[in-house]
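Novice: Sending over a structure as structure tokens; questions will come in a sec.
Residue numbers (our numbering), protein chains in the order written: chain A, -18 to 94; chain B, 52 to 160.
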């Protein structure tokens, strides 16, 4: 257990509404990531962070923004949700130090109607 | 470009059989991990193995970094081994890990 909590775990929303997913960690690791997982596509990186206020885009960043105002929280925002953003979203942290091992949160299932 | 390729994409086994999953990568690595995604969607860490061999119960993994591949061995498979197995590779310190597309394993009783 790497002390990662995602919220909400499940959300149903309507097209055009804003949505924010939260990833909280208790171990103060530098690197945090947001992935989405869809059938047939494996895990795709949306955005990642390498420190407070330091973020970068992944391969599927269009339509998403992120913020990291403190080490423990990494927020993923869909400014205006679309049905194509229906997915399971995973947060991950990478431990610094000798191993740099990656750990995932439990996932957040988002349905956009 | 940087690539991580897993094979086979799908595998069906009878309970009790052994299997080998393969991960090929295109460049030298700083980190390689194997994950299991169970049927409930949880992503579980199996091995951190940038080189060498590790064993954990019925599972073992070997990475030959000089030849750019890693193998995950599952012995005496059980139905609870079903799910998708992902290989992920860190090619340099500040870049995100690159994931393979996974091997979907179904173990039948």
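Backbone N, C-alpha and C fix where the C-beta goes; we use that ideal spot for every residue, glycine too.
Fair warning: this is a prediction, and the values are worked out from it, not measured in the lab.
In chain A, which residues lie with their C-beta within 7 Å of the C-beta of residue 139 of chain B?
Specialist: Residues of chain A passing the Cβ test: 83.
Novice: Any C-beta of chain B within less than 7 Å: which residues of the region 28 to 42 of chain A qualify?
Specialist: Listed in sequence order: 29, 31, 39.
Novice: Which class does residue 56 of chain B belong to by DSSP, given the choice of helix, strand or coil?
Specialist: Strand at residue 56 of chain B.
Novice: Within 8 Å of any Cβ in chain A, is that where the Cβ of residue 152 of chain B sits?
Specialist: Yes - at least one Cβ of chain A is within 8 Å of the one on residue 152 of chain B.
Novice: Taking its Cβ as the centre, do 16 or more other Cβ atoms sit within 10 Å of residue 82 of chain B, making it buried, or is it exposed?
Specialist: Residue 82 of chain B is buried by the Cβ-count criterion.
Novice: Can at least three beta-carbon pairs, one atom from the region 62 to 73 of chain A and one from the region 7 to 24 of chain A, be found at a separation below 8 Å?
Specialist: Short answer: they touch.
Novice: What does the alpha-carbon distance come out to for the pair residue 90 of chain A and residue -9 of chain A?
Specialist: Cα to Cα, residue 90 of chain A sits roughly 5 Å from residue -9 of chain A.
Novice: Taking the straight line between their C-alpha atoms, what separation do you get for residue 120 of chain B and residue 0 of chain A?
Specialist: Each residue's Cα considered, the two are about 40 Å apart.
Novice: Can you check whether the C-beta of residue 147 of chain B is within less than 8 Å of a C-beta belonging to chain A?
Specialist: Judged by the 8 Å Cβ criterion, residue 147 of chain B is in contact with chain A.
Novice: Taking the alpha-carbon of residue 13 of chain A as reference, which of A:5, A:29, A:23, A:24 has the nearest alpha-carbon?
Specialist: Nearest option by C-alpha distance: A:29.
Novice: In chain B, which residues lie less than 9 Å from residue 88 of chain A when you measure between Cβ atoms?
Specialist: Result: 92, 93, 94.
Novice: Between A:63, A:-14, A:-12, which lies nearest to residue 94 of chain A when the distance is taken from Cα to Cα?
Specialist: Ranking the options by Cα distance to residue 94 of chain A, first place goes to A:63.
Novice: Which of the three DSSP states, helix, strand or coil, is assigned to residue 132 of chain B?
Specialist: In this structure, residue 132 of chain B counts as helix in the three-state DSSP scheme.
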